[in-house]
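Below is one structure; the comments refer to it alone.
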Amino acid sequence: MPLREIDEVNKNGFTEHRFGESDKMSTYLFSFVAGKFKSEEMAIANFPMKMLYRETDEEKIRYSIDSIFQLHHSSKLFLEFYNDFPFPFQKLNFATIPGFQYGGMEHVGAIQYKESSLFLDGSATENRKLGRAKLIAHETSHMWFGDLVTMDWFNDVWMKEVFANFMADKIVNPTFPSINHELAFMVGHYPSAYGEDRTKGTNPIRQELKNLNNAGSLYGSIIYNKAPIMMRQLEAVLGKENFQMGIQEYIKTYQNSNANWNDLVKILDDRTDIDLLTWSNVWVNSSGRPIFKDSVTYTEGGKISSFELRQMAEDASDYIWPRFSRSP
Ligand SMILES: [Zn+2]
Numbered sequence: 012m013p014l015r016e017i018d019e020v021n022k023n024g025f026t027e028h029r030f031g032e033s034d035k036m037s038t039y040l041f042s043f044v045a046g047k048f049k050s051e052e053m054a055i056a057n058f059p060m061k062m063l064y065r066e067t068d069e070e071k072i073r074y075s076i077d078s079i080f081q082l083h084h085s086s087k088l089f090l091e092f093y094n095d096f097p098f099p100f101q102k103l104n105f106a107t108i109p110g111f112q113y114g115g116m117e118h119v120g121a122i123q124y125k126e127s128s129l130f131l132d133g134s135a136t137e138n139r140k141l142g143r144a145k146l147i148a149h150e151t152s153h154m155w156f157g158d159l160v161t162m163d164w165f166n167d168v169w170m171k172e173v174f175a176n177f178m179a180d181k182i183v184n185p186t187f188p189s190i191n192h193e194l195a196f197m198v199g200h201y202p203s204a205y206g207e208d209r210t211k212g213t214n215p216i217r218q219e220l221k222n223l224n225n226a227g228s229l230y231g232s233i234i235y236n237k238a239p240i241m242m243r244q245l246e247a248v249l250g251k252e253n254f255q256m257g258i259q260e261y262i263k264t265y266q267n268s269n270a271n272w273n274d275l276v277k278i279l280d281d282r283t284d285i286d287l288l289t290w291s292n293v294w295v296n297s298s299g300r301p302i303f304k305d306s307v308t309y310t311e312g313g314k315i316s317s318f319e320l321r322q323m324a325e326d327a328s329d330y331i332w333p334r335f336s337r338s339p
C-alpha cells in the first residue's frame, strides 16, 4: 500500500520503508517485487498511478508510457461505471518484469506484467496493440473479479478468468473498430471448445478439485474457450441490462469476501423467468455438447412449409442446451 512515511528511516546503512496497512486480500494475491527498477508516475483525473519497469529501449519507453497509463485509467473508469463500485483498493500500481512467465498477474497494489507485452515501439501492429490493451483491461478487471470478490475454492478459478476476458472485450473492442471482433471471437473460441468437448475425456466447465496441487489440470480449452461462449450465452439469456445489474448486486453482496458460481447464479436467477439453475447445470456443471438436426419440408410450389430444428446430447444424456439469439 502507499508509503506511510515520506521520511525513510536509515538504519546501519539500510533504508527502511514503511507502508500503510494493506487492504483485505486473499493470500494468492500477495506479492513482493524487488530489484533495480526505474519508475514513472502519472495522475489522471486526480488518481495517481506508478509504474516500475526495467525496459532500456528509449524508443519503446517514449512510445509506450503514456498509453500504458491511459489504458489502465480507461479500464478503471469503465469498470467503476459497469460495476457501480469504485476502484476497491488504495493503489493501482504496476511492475513490468522481463521474462515474466505469464502475460500478467493481478496482485493487489502492484499488478505484474511481462515487460515485452506492455512496451511496444512504432512498428507494433494493430493486433499487438489490441493484445496489450486487452491484457491491461484483463488485469484491471481482476481488481473487482478475483481480488475484491474471490472464489471460494480453485474449482471456480475459471470464473475470474472468464469475467476478466469478458470485461476486457467490452472495454477494448470498441476502441479498435477496424477489427472484426465477432469473427475473431468465433475463430478463437469455437473450434477448440468443440474439439475438446466432443471427446470422451472432456470435463465440465466447473469440475471438482480435491487438491490444490492439481489446479494446473483445470486450465485448458474448456475453461478458456467454452466458458467464454457460455458467459455470452448467459448475458443473452438475461439481456445486457439485467446481466449488468446482477453483476452489480453480486459485487456489492460479496465484496471483500468469497463467492462461488452458484452464488452468482442465484442472484441472476431472480432476474429472469428462465430456470437458470437447470440452464447452469447443463452448460456449466456438465460436459458435452448438443448435436442439431434439421428437417425442412416444401410445398409443391417449392416454398418452405415447415422447418424443424432438433437437438440431442452427443453423449446420449437427456440434457437440453437452451438456445437464445444474441441481439446484434
Ligand atoms: Zn487473469
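Just so we're aligned, residue 12 is where the sequence shown starts under our numbering, counting upward by one.
For glycine and all other residues, C-beta sits at the position ideal for the given N, C-alpha and C.
Whole-number beta carbon distance between residue j and residue i, since they are thought to touch under 8 Å
| i | j | result |
| --- | --- | --- |
| Ala-106 | Phe-48 | 7 Å |
| Thr-186 | Ala-144 | 7 Å |
| Tyr-265 | Gly-299 | With a Cβ gap of about 30 Å, Tyr-265 and Gly-299 do not count as contacting. |
| Val-295 | Trp-272 | 6 Å |
| Glu-319 | Ser-306 | 5 Å |
| Ser-268 | Val-183 | Not quite, the Cβ-Cβ distance comes to about 29 Å (not below 8 Å), so this is no contact. |
| Val-119 | Phe-100 | 5 Å |
| Asp-163 | Ala-270 | 7 Å |
| Asn-292 | Leu-220 | Asn-292 to Leu-220, Cβ: 19 Å. No contact. |
| Thr-308 | Ser-297 | About 33 Å; that fails the 8 Å criterion. |
| Glu-240 | Tyr-201 | For clarity, residue 240 is Ile in the given sequence; the question names Glu instead. That pair is a contact at about 7 Å. |
| His-83 | Leu-63 | So it is not a contact: roughly 14 Å between Cβ atoms. |
Residue i - partner residues in DSSP beta bridges
| i | result |
| --- | --- |
| Lys-61 | Glu-52 |
| Gln-123 | Ala-106 and Met-116 |
| Ser-317 | Thr-308 |
| Glu-27 | Val-20 |
| Asn-269 | Thr-161 |
| Leu-14 | Phe-30 |
| Ile-302 | Met-323 |
| Phe-156 | Val-160 |
Under 8 Å between C-beta atoms of residue i and residue j
| i | j | result |
| --- | --- | --- |
| Phe-130 | Lys-71 | yes |
| Ser-232 | Glu-207 | yes |
| Pro-109 | Arg-65 | yes |
| Met-154 | Phe-98 | yes |
| Leu-288 | Leu-279 | no |
| Met-12 | Gly-31 | yes |
| Asp-158 | Leu-40 | yes |
| Ser-152 | Leu-249 | no |
| Glu-150 | Glu-126 | no |
| Gln-229 | Trp-169 | Going by the sequence as given, residue 229 is Leu instead of Gln. Cβ distance < 8 Å, so Leu-229 and Trp-169 count as in contact. |
| Asn-94 | Ile-258 | yes |
| Leu-146 | Ser-128 | yes |
| Thr-26 | Glu-19 | yes |
| Ala-148 | Ser-50 | no |
| Ile-76 | Glu-137 | no |
| Met-256 | Arg-282 | yes |
| Gln-123 | Ser-42 | yes |
### Query
For the 8 Å Cβ check, are there 3 or more pairs between the region 162-173 and the region 211-221?
Flag = yes, the region 162-173 and the region 211-221 touch.
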